[in-house]
């Protein structure tokens, strides 16, 4: 195992079938997905900028970054996470117990007035949905 290899062969075998294939894709075919995924994982593990990815281990940083962006935008990472979590949950490997640390979940500065429920707050609650690069209309 090289110092740049982040995933074991077993982990890669679980992830590989969930990645997009070249079938039906127009244009230049994807290169080696494993090298790119290893580059993405290495970058997040070390905290280095994209430009500092070792060229000899992962190829051009632009390729790694573009594939990461593509997988983020098209929902590939979301589906991989959901699939792996479902597998782990079915195997009983996930403990769904929640632990809340109050130093992380700080109260708003005016939260001390929450006891006055009869007071009108002056507005409705709106759902703030996440948008992927779209502006609200």
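Residue numbers (UniProt numbering): 1 to 137.
Note that the Cβ used here is the ideal one computed from N, Cα and C, for glycine as well.
Closest by CA to residue 12, which one among 35, 100, 92? 35
Mind reading off the beta-carbon distance from residue 50 to residue 64? Whole number of angstroms is fine, and I expect it under 8 Å. 7 Å
Residue 141 lies in the alpha helix (DSSP H); which residues open and close that run? Examination of residue 141 is not possible in this model, given that the chain is present from 1 through 137 alone.
From residue 66 to residue 83, what distance separates their C-alpha atoms? Between residue 66 and residue 83, the C-alpha separation is close to 23 Å.
Under three-state DSSP, which class holds residue 35? helix
Does the count of Cβ pairs from the stretch 43 to 63 and the stretch 81 to 100 closer than 8 Å reach three? no
Give the DSSP-derived three-state secondary structure of residue 48 in the structure shown. coil
Is it buried or exposed for residue 40, if we count other Cβ within 10 angstroms and need 16 for buried? buried
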